[in-house]
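Step one of this worksheet: look at the structure below.
Numbering (my numbering), first residue to last: 7 to 556.
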């Protein structure tokens with residue numbers, strides 16, 4: 007029987023010093039980068055083109071009528087409790103769209119010089135199908151667990167919870183890590199697709215969905231369980247031909263989500279993973295949408311790229327090789343008030359940054375590289391900028407195209423920001439993220455489902471101080487609501503951060519050990535979590551819960 011990471015946590019065994027390989031064997035930790043697992047085989051970069059169905063995932067399609075599945079009964083949670091996992095009969099609005107999504111194994115090619123690997127994908131797609139939600143149109147998504155109970159690869163466990171990261175949803179639909187469903191079972195998630203607090207400024211843009219099961223988020227996401235969740239709103243219509251007040255941003259084939267990940271392979275070309283690396287796992291192969299260093303043919307016009315850091319622990323600092331700037335238009339789930347022109351931007355795990363790249367000034371056959379210049383040799387934190395850096399993908403300017411798209415000077419009108427909310431603040435909370443006695447803790451405690459660390463009142467803004475204990479950076483993600491970053495200790499705010507965020511990096515030079523945020527929870531009451539999104543830290547219980555009060 008394979009001793010899993012969850013088994014070790016149950017037994018009270020420290021999670022460190024062992025490595026799970028594809029066959030499920032345990033080896034002594036050799037130290038060094040990626041837990042001493044060695045280096046991946048060499049691969050030739052820029053030989054695989056990103057195309058629909060190969061790196062560019064399909065759009066999820068609603069089903070009608072909604073299929074009837076047998077009652078899956080109870081699934082035993084990791085804490086020994088049981089709970090029903092399918093909502094039903096469930097009363098939903100008449101305009102609700104229904105989706106059916108199967109989690110299942112899929113044979114995937116990372117690169118033609120490596121053998122196919124068996125991954126886990128939503129509907130067998132890597133990345134998962136892209137959801138496009140219309141503001142005001144609810145969606146009910148039934149996720150079905152078709153993962154094998156006895157998987158020979160040994161990376162991942164067939165227990166699921168699905169979190170729509172950045173989404174505004176009720177606690178039972180948020181992917182609480184203990185609300186799991188097992189092989190042969192399913193769970194329904196209802197997404198209202200309305201802005202937080204009903205404010206137009208809070209209309210969402212780029213979310214993502216991923217596995218969120220307790221103790222095994224890292225391995226299940228590493229195996230492939232992640233995808234984009236995008237929004238059409240009254241102003242961000244995802245149609246560049248729509249007249250104002252629509253923004254007219256690049257759309258259709260010129261609006262592309264790009265998830266950045268790193269992976270490690272053994273000498274035979276199969277995935278390996280060290281789930282016991284307490285620093286956080288790093289790979290030496292760089293993926294864009296599941297492909298090792300691909301290329302993308304582009305036209306001489308504007309593109310909208312939605313960048314997502316889907317890595318476990320790696321932080322990126324992205325540049326274009328020709329020195330061309332990015333025009334940033336969004337961070338995490340929200341658009342910025344105004345576009346911001348930057349030469350580069352940082353992207354921590356789980357963060358999203360939306361940019362416009364204009365290729366109209368390039369010549370046909372020009373080749374431009376997306377480059378990461380942030381050096382990082384372990385999961386603790388980056389070492390600093392290097393030059394020339396590592397090219398992640400290549401853009402080949404291959405055609406001319408008409409460009410009716412626009413990038414307006416004003417994107418979102420913010421009517422409720424720090425100026426309006428700070429005078430209402432009555433509560434300030436302090437949370438310290440650190441390593442203590444070999445454990446990842448928040449305020450000295452690792453996650454306990456019976457402990458509530460904060461009880462904010464619905465609709466009342468609060469200041470939260472997020473502090474790193476030093477030595478590591480922590481991308482902190484708070485569920486349910488986004489927040490404004492007020493200050494960084496010893497570091498300036500990036501202009502891209504001057505909007506509502508759902509993830510913020512703390513700790514280390516240029517970031518600040520102490521970050522002050524302004525947050526208000528609207529709409530829903532109940533239990534949610536916040537945690538480090540270095541997902542090895544998260545799985546090692548660097549997570550706490552809050553309960554929104556009426």
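The beta carbon of each residue, even a glycine, is placed where N, CA and C say it ideally should be.
Whole-number beta carbon distance between residue j and residue i, since they are thought to touch under 8 Å
i, j, result
"residue 317", "residue 240", "With a Cβ gap of about 34 Å, residue 317 and residue 240 do not count as contacting."
"residue 411", "residue 254", "6 Å"
"residue 299", "residue 51", "4 Å"
"residue 543", "residue 286", "6 Å"
"residue 555", "residue 462", "7 Å"
"residue 323", "residue 352", "5 Å"
"residue 494", "residue 470", "Residue 494 to residue 470, Cβ: 14 Å. No contact."
"residue 296", "residue 116", "7 Å"
"residue 560", "residue 225", "The question about residue 560 has no answer, for the chain in this structure spans 7 to 556."
"residue 358", "residue 313", "6 Å"
"residue 350", "residue 306", "Actually they do not touch by this definition, with Cβ atoms about 23 Å apart."
"residue 422", "residue 205", "6 Å"
"residue 386", "residue 478", "5 Å"
"residue 63", "residue 131", "5 Å"
Endpoints, beta strand (DSSP E) assigned at residue i
i, result
"residue 393", "390 to 406"
"residue 262", "261 to 271"
"residue 284", "It is not in any beta strand (DSSP E) - residue 284 carries neither H nor E in the DSSP assignment."
"residue 362", "358 to 364"
"residue 381", "373 to 381"
"residue 125", "123 to 128"
"residue 342", "340 to 348"
"residue 523", "520 to 525"
"residue 107", "103 to 114"
"residue 536", "532 to 538"
"residue 139", "134 to 140"
"residue 550", "549 to 554"
"residue 351", "351 to 353"
Spatial distance of residue i from residue j (CA atoms)
i, j, result
"residue 511", "residue 541", "13 Å"
"residue 545", "residue 406", "47 Å"
"residue 457", "residue 176", "20 Å"
"residue 101", "residue 275", "47 Å"
"residue 381", "residue 397", "12 Å"
"residue 103", "residue 315", "28 Å"
"residue 59", "residue 265", "15 Å"
"residue 143", "residue 506", "23 Å"
"residue 502", "residue 134", "27 Å"
"residue 320", "residue 311", "20 Å"
"residue 549", "residue 235", "24 Å"
"residue 393", "residue 515", "18 Å"
"residue 342", "residue 46", "39 Å"
"residue 67", "residue 128", "13 Å"
"residue 223", "residue 257", "32 Å"
"residue 259", "residue 325", "22 Å"
"residue 159", "residue 186", "22 Å"
"residue 33", "residue 345", "Low confidence applies to residue 33: its pLDDT is 25, below 50, so where it sits in the model is not reliable, and the reading given next is rough at best. Taking the straight line from one Cα to the other gives about 50 Å."
"residue 361", "residue 460", "35 Å"
"residue 500", "residue 334", "11 Å"
"residue 363", "residue 245", "17 Å"
"residue 184", "residue 439", "22 Å"
"residue 77", "residue 281", "Here the model assigns residue 77 a pLDDT of 48, short of 50, so the residue's position is not dependable, and the following value carries that caveat. Spanning the two alpha carbons is a distance of roughly 34 Å."
"residue 238", "residue 138", "7 Å"
"residue 476", "residue 519", "7 Å"
"residue 49", "residue 123", "15 Å"
"residue 270", "residue 44", "9 Å"
Cβ pair residue i, residue j closer than 8 Å
i, j, result
"residue 231", "residue 113", "no"
"residue 487", "residue 528", "yes"
"residue 210", "residue 189", "no"
"residue 284", "residue 218", "no"
"residue 509", "residue 539", "yes"
"residue 431", "residue 468", "yes"
"residue 197", "residue 147", "yes"
"residue 303", "residue 374", "no"
"residue 531", "residue 441", "no"
"residue 213", "residue 171", "yes"
"residue 535", "residue 485", "yes"
"residue 118", "residue 53", "yes"
"residue 524", "residue 472", "no"
Heavy atom of the ligand HEM within 7 Å of residue i beta-carbon
i, result
"residue 364", "As presented, the structure is devoid of all ligands, the ligand HEM included, so that no description of it is given."
Where the alpha helix (DSSP H) containing residue i begins and where it ends
i, result
"residue 541", "541 to 545"
* Asked: Enumerated in chain order, which unbroken segments of the beta strand (DSSP E) with a length of 3 residues or greater are wholly contained in the stretch 421 to 450?
  -> 433 to 442 and 445 to 448
* Within the stretch 183 to 252, ranges of the alpha helix (DSSP H) (whole runs, at least 4 residues) -> 223 to 229
* Enumerate, from N- to C-terminal direction, the unbroken beta strand (DSSP E) stretches of 3 or more residues contained entirely within the stretch 445 to 511. => 445 to 448, 468 to 474, 480 to 484 and 489 to 494
* Let me know the beta strand (DSSP E) ranges lying completely inside the stretch 148 to 187, each 3 residues or longer, listed in chain order. => 168 to 171
* **Segments assigned beta strand (DSSP E), at least 3 residues, entirely inside the stretch 301 to 338** => 301 to 306, 308 to 315, 322 to 326 and 332 to 337
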